[in-house]
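Per numbering that gives the first Met the number 0, the very first residue in the sequence shown carries number 0; after that it's consecutive. Note that beta-carbon positions come from the ideal geometry of N, C-alpha and C, so glycine has one too. All figures in this text were calculated on a predicted structure; none of them were measured in a lab. Take a look at the structure set out below.
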Amino acid sequence: MAHEGKLRKVNRLITTHNAEGKAIFSDALPEESKMEPLPDNMGFALSYITKGFPVDLNGDKDIETYRPFINNAPGLTVSGGTVLRHVDFPPNMTCAMHRTVSLDYGVVLEGEVDLLLDSGEVKRMKRGDVAIQRGTMHAWKNPHPTEWARMMFVLQECKPLELGGKKLDENLGTAVGIRKSD
0 MAHEGKLRKV NRLITTHNAE GKAIFSDALP EESKMEPLPD NMGFALSYIT KGFPVDLNGD
60 KDIETYRPFI NNAPGLTVSG GTVLRHVDFP PNMTCAMHRT VSLDYGVVLE GEVDLLLDSG
120 EVKRMKRGDV AIQRGTMHAW KNPHPTEWAR MMFVLQECKP LELGGKKLDE NLGTAVGIRK
180 SD
């Protein structure tokens with residue numbers, strides 16, 4: 000990937016219990032959440048997926064739900080579940096304007112990121128800031144000319160929005176390398 004070494008790798012630490020009921024770290028999955036390059040030089044890491052609510056942790060059912068997605072990533076959201084994803088943005092890059100049918104929590108982990116709305120409004124987010132993205136048309140921009148930025152997103156499917164009698168569907172715009180949600 001073009002930014003190899005620019006941002007540290009993402010480690011995924013999963014906890015579980017031993018036979019005595021004590022908390023331990025699970026070795027059921029690799030710790031590294033592998034960052035995959037997209038054609039526009041962004042990086043996507045699928046760090047976890049759940050299905051159903053409430054999530055069933057018994058017998059590692061949640062881990063087994065996630066396992067098939069490790070080498071076969073879903074679209075941006077999954078039906079009836081959540082997606083935990085890390086996204087790396089190259090310097091001076093703006094992703095495609097898009098809408099997901101989901102409630103998303105986006106947290107800036109590294110750098111600064113602009114949240115652009117199709118109305119023309121823009122807000123600068125700094126490390127630790129969170130955006131509650133509620134099915135609106137939006138884009139993300141890394142405004143820094145030389146430094147990479149990283150965000151972490153938790154996406155949860157939502158009911159389709161209706162405005163003025165019109166249903167707002169997923170719209171990936173001109174995004175390249177992103178699959179539509181399942």
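Q. Buried or exposed: Arg-126, going by 16 or more other Cβ atoms within 10 Å of its Cβ?
A. exposed
Q. Quick one: is Ile-48 buried, meaning 16 or more other Cβ sit within 10 Å of its Cβ, or exposed?
A. buried
(Q) Quick check on the DSSP output: the beta strand (DSSP E) that includes Asp-59 runs from which residue to which? (A) Premise fails: Asp-59 is in no beta strand (DSSP E) and is neither H nor E.
Q. Excluding sequence positions up to five away, which residues of its chain have a Cβ less than 7 angstroms from the Cβ of Met-151?
A. His-85, Val-106 and Leu-108
Q) Taking Cβ to Cβ, would you say Phe-43 is nearer than 8 angstroms to Glu-30? A) no
Q. Distance, Cα to Cα, Asn-91 vs Leu-116?
A. 18 angstroms
**Q.** Unbroken beta strand (DSSP E) run spanning Gly-42, endpoints
**A.** 42-50
Q.
Which of the three DSSP states is assigned to Met-0 in this structure?
A. Caution is warranted here: a pLDDT of 46 is assigned to Met-0, below 50, making its placement in the model unreliable, and the coordinate value is therefore given only provisionally. In the structure shown, Met-0 sits in coil (DSSP, three-state: anything other than H, G, I, E or B).
Q: Could you have a look at Thr-64 and say whether DSSP puts it in helix, strand or coil?
A: helix
Q) Given a threshold of 16 other Cβ atoms within 10 Å of its Cβ, counted over all protein chains shown, does Leu-12 qualify as buried or as exposed? A) exposed
Q) For Pro-159, which of Leu-45, Thr-99, Thr-14 and Glu-146 has the nearest alpha-carbon? A) Thr-99
Q: Report the residue from Glu-63, Glu-146, Met-124 and Thr-145 whose alpha carbon sits nearest the alpha carbon of Ala-138.
A: Met-124
**Q.** His-16, buried or exposed, once every other Cβ within 10 Å from all chains shown has been counted against 16
**A.** exposed
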